[in-house]
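2 protein chains.
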Amino acid sequence: MHSVKALWKLMFFVVAVGLSTTSLIHAEQPQLPAPENVRLDDLNFMTGFPPVGDKIINTQNKTKYPQLRWTLQHTRELVPTRNIRRGTAPVSKLPAAPLDLSAFAFQDDKGQPTTIGKWQKDTYTDALVILHKGNLVYEQYLNREADRNQHLLFSVTKSFTGLMAAQLVHEGKIDENALVPRYVPELANSAWGDMTVRQVMDMTGAVKFREVYTDPTTEIFGYSFASGMLPQPPNYAGPKSIYEFLPTLQKEGEHGAGFIYRTVHSEVLGWIVSKVTGKHWADLMSEQIWQKLGMEEDAYVMIDSVGTPLQGAGLCATARDLARFGEMIRSGGEFNGQRIFAQAVIDDLRNGGDREKFKASGMAFRPGYSYRSQWWVLHNADGAFEASGIHGQMIHINPAAQMVVVKLSSHPVAGAGFTHAYTLKAWDALAKAVKQ
Amino acid sequence: MHSVKALWKLMFFVVAVGLSTTSLIHAEQPQLPAPENVRLDDLNFMTGFPPVGDKIINTQNKTKYPQLRWTLQHTRELVPTRNIRRGTAPVSKLPAAPLDLSAFAFQDDKGQPTTIGKWQKDTYTDALVILHKGNLVYEQYLNREADRNQHLLFSVTKSFTGLMAAQLVHEGKIDENALVPRYVPELANSAWGDMTVRQVMDMTGAVKFREVYTDPTTEIFGYSFASGMLPQPPNYAGPKSIYEFLPTLQKEGEHGAGFIYRTVHSEVLGWIVSKVTGKHWADLMSEQIWQKLGMEEDAYVMIDSVGTPLQGAGLCATARDLARFGEMIRSGGEFNGQRIFAQAVIDDLRNGGDREKFKASGMAFRPGYSYRSQWWVLHNADGAFEASGIHGQMIHINPAAQMVVVKLSSHPVAGAGFTHAYTLKAWDALAKAVKQ
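As given, the protein sequences belong to chains A and B, one line each in that order.
Under the working numbering, the residue at position 121 of the first sequence is numbered 129, and the numbers go up by one with no gaps.
Under the working numbering, the residue at position 11 of the second sequence is numbered 19, and the numbers go up by one with no gaps.
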């Protein structure tokens, strides 16, 4: 029992850094509770006046499972956050054109018969929203109030940061070939001292970032303590914020050699964006995206002790609002006839990055993928690409099928690899199903 | 210098409990910086990537002055909070009918000539919004982004709790003559064991609640540590939440004898409301008020370690949204033709409480007032009544002048008494000015 607990804890750590340890997690899989046994509707976490005993979720148990199923919908109730304001514009309509997709049958990654509805449950899905040609064809929520609560998106956050950076490159405000210290002098003596902005965007910079969960001197602990993701231990004397921590990281290997997934690159990229624009990430998100797409709800972002946003992992938003965002991306940067991002920027994301370099990632569960400006590109026949975060967060865009899928989940296992093979089959099934 | 700092600290403590120590604060007034010397636009708190040195505001210095001027607009960036959702209804219009009120001249409480504009600045006002017959006649913000940021309202929060409780009494769901343990059995052995709900609502219950800021064994420290308003000291073994703390408080004196202002009564009243309705205070606020009045922005509330809202001090909202709320109250519980609260409930607030009992409060700066269901009633010729919170938060309603004033401020001094005499003169001036 104790070792299972330790494993959950370990898995959550992976949150912070993305997921180079996925194979480890995959290798050591404990007995997992089925989703129907851990529904918030039955568990009644944080209900009662006051909640008592095992109904309480706090900073000590928030990352355990199944408590995590609550935590991912209630981040602001546990930590400081900054608002991403939708403004006062009317809510943009998502025209409903319901299709009965849940019974649509397909074969899972093990060749077994399944359906969209079963896949949705099997993969611990909280919210599933599907647009086809901009119409809302499917929308189902399986975990209490997942329709209205802003859901923690983990590394989906990166794709927003990458998009804003790519737009600034397009506008000539950032030179992707410049070295990072041109924009962030504080990083001159760090791993980023001789790294280009493009290497940061595509995560091909070489930074020493060890994740040894039994060794608190490894960098993953530094990041977790500095960002506030983990409470600082007594007498802690290390960096107290993300921007104090990043300059301590050193180079290891050769920049540009291969793709190695590191959340710290996204934090650096967000830092560059703020230095160049003079604006806080949350304000840019509001002005450039949330106020322009007629979002239903404000979004928000986790912040560290000096207000720096977790630009690689801290965004929280609702599924319908993410669908609006995905539809804007699918439409080449336009939404309701208004240009939001340049077509060339979206095209560049879609075209993807270097598939050879991607192989260095060790992410066998993403076969044939590449990574470009903080987006995952499938390089399949439909030209699909996606944003992805651990515990099962996805914005999947399929241009050929004119489809956007938002899937927000609360897996017991952090790693995207946990359900990715199954979900790849579901993407194909959905692309067929919406064309019915 | 050190004693001035200590005094600021002391003053902030008063936040938690309302203000029975106002006279103390009034007696010992340090040299105060003029408002124009402490404008957020000039101080640049929490700007820069990252903010450094004295630009940083954190849980250690958030209650100091002038840092407090930032803190009151950015509560969620420092502590956990729960959302009060506006929903997806269109924003209700506040028809603009601007009047040039700022030059309107009157005599201040010392008989000196002044103007509305000067009073606004003199009293460290962040936001001032005035409605006349439901029209927006005046709106001015003097402290960076005070128009869009949710401002901490301190004890204005109580008036929302009181209103919801009064409505439940009206509907027969709460018996105001019942003893508190009928609804909250947890309080059977506390000061509230033999106290009626009405005594809680009007703060005439007798509870031992000492505020000795040099003695951490007094109850004010218990409240501050339990609610999360102050960080718990090392090895702290006391109550860890508001509802763990309240049952420890004991009776002192006779219930019903006189009005003694205690924030803990508001927390008990909120507890009763949640027990009776089965709903969290934030959800009630959303369903009964925020979703019904076409608010522009979500509001939010500070919560303790188990999600219990600070029902006596933790609400944060924008000035324009509070003006909408005030207009609904002025209109006898209706808004845009829709009934929100019963006319009888609003009438009962307006009629006020026992003015003789009020004299026990020691609040000489509120001459002739009474307190009813967590509202302050002026008993003046215009029938005015108001919600009020420390550091200068006010929703002032003048039925005769058909006027609602929302004033959000960030005084260096916590106590309402700091500017109240001056503000009473301003209320009269405004009532004349809007009739021009």
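The beta carbon of each residue, even a glycine, is placed where N, CA and C say it ideally should be.
All values reported here derive from a predicted model rather than from experimental measurement.
query, result
"For Q351/B, tell me which candidate among G360/B, G341/B, L357/B has the shortest Cα-Cα distance.", "G341/B"
"Skipping 5 residues on each side, what residues in its chain have a beta carbon closer than 6 Å to that of M54/B?", "I65"
"Here's a check: name, in chain order, each residue in its chain whose Cβ is nearer than 8 Å to the Cβ of C324/A, leaving out the five neighbours to either side.", "T83, R84, T89, Q158, H159, L160, L161, A307, Y308, V309, M310"
"Within this structure, are the beta carbons of D312/B and S235/B separated by less than 8 Å?", "yes"
"Go through its chain and collect everything with a Cβ distance to G264/A's Cβ below 7 Å, but skip five positions before and after it.", "Q207, T212"
"Please report the distance separating the alpha-carbon of A35/B from that of T133/B.", "Residue placement at A35/B is poorly supported in this model, since its pLDDT is 38, which falls under 50; the coordinates still yield a value, given next. Taking the straight line from one Cα to the other gives about 23 Å."
"Chain A partners of K283/B, CB-CB under 8 Å?", "F57"
"Looking only at its own chain, which residues have a Cβ that is under 7 Å from the Cβ of S282/A, when we skip the five neighbours before and after it?", "H288, W289"
"What are the boundary residues of the beta strand (DSSP E) that K415/B is part of?", "411–417"
"So, is the C-beta of R84/A closer than 8 Å to a C-beta in chain B?", "yes"
"Hey, which unbroken runs of the alpha helix (DSSP H) at 4 residues or more fall wholly within the stretch 48–83 of chain B?", "48–51, 75–79"
"For the beta strand (DSSP E) holding Y184/A, just list the boundary residues, first then last.", "For the record, residue 184/A in the displayed sequence is Glu; it is not Tyr. Where E184/A is concerned, there is no enclosing beta strand (DSSP E), given that its DSSP letter is neither H nor E."
"Any Cβ of chain A within less than 8 Å of the Cβ of L438/B?", "no"
"Would you tell me roughly how many angstroms separate the C-alpha atoms of K259/A and W200/A, rounded to the nearest one?", "7 Å"
"Straight-line CA distance for V177/A to L171/A?", "10 Å"
"Where does P88/B sit, in a helix, a strand or coil, going by DSSP?", "coil"
"Three-state secondary structure (DSSP) at P317/A?", "strand"
"Excluding the 5 residues preceding and the 5 following A135/A in the sequence, name in chain order all residues of the same chain whose CB lies nearer than 6 Å to its CB.", "Y149, A154, A327, L416"
"Are the C-beta of Y149/A and some C-beta of chain B separated by less than 8 Å?", "no"
"Under 8 Å, Cβ to Cβ, is there at least one residue of chain A near W279/B?", "yes"
"Going by beta carbon distance, what residues of the same chain come within less than 6 Å of Q444/B, once the five residues before and after it are set aside?", "none"
"Given this structure, state the Cα-to-Cα distance separating E179/B from E295/B, to the nearest angstrom.", "17 Å"
"Specify, as a first and last residue, the run of the alpha helix (DSSP H) that G425/A falls within.", "425–442"
"Can you grab the Cα-Cα spacing for the pair K440/B / L139/B, in whole Å?", "13 Å"
"What are the complete beta strand (DSSP E) segments, minimum 3 residues, inside the stretch 292–344 of chain A?", "307–310, 323–325"
"So with CB distances below 9 Å, who are the chain A contacts of Y251/B?", "F57, P58"
"Please classify D134/A: does DSSP put it in a helix, a strand, or coil?", "strand"
"Assign R218/B to buried or exposed, taking buried as 16 or more other Cβ atoms, counted over all protein chains shown, within 10 Å of its Cβ.", "exposed"
"With three or more C-beta pairs closer than 8 Å as the rule, is the stretch 40–57 of chain A touching the stretch 97–112 of chain A?", "no"
"Mapping DSSP to helix, strand and coil, what is N143/B?", "strand"
"Assign Y377/B to one of three DSSP states: helix, strand, or coil.", "coil"
"Threshold first: 4 residues or longer. Then list the alpha helix (DSSP H) segments lying entirely within the stretch 251–283 of chain B, N to C.", "none"
"Which chain B residues are close to E304/A, counting only those with a beta carbon under 8 Å from its beta carbon?", "T96"
"Can you give the beta carbon distance from P103/A to P74/A, rounded, assuming they're within the 8 Å contact cut?", "In fact, because the Cβ distance is near 36 Å, the residues do not count as touching under 8 Å."
"Is there a C-beta anywhere in chain C that falls below 8 Å from the one on R156/B?", "Included in the structure are the protein chains A and B, with no chain C among them."
"Per DSSP, V215/B forms a beta bridge with which residues?", "K259/B"
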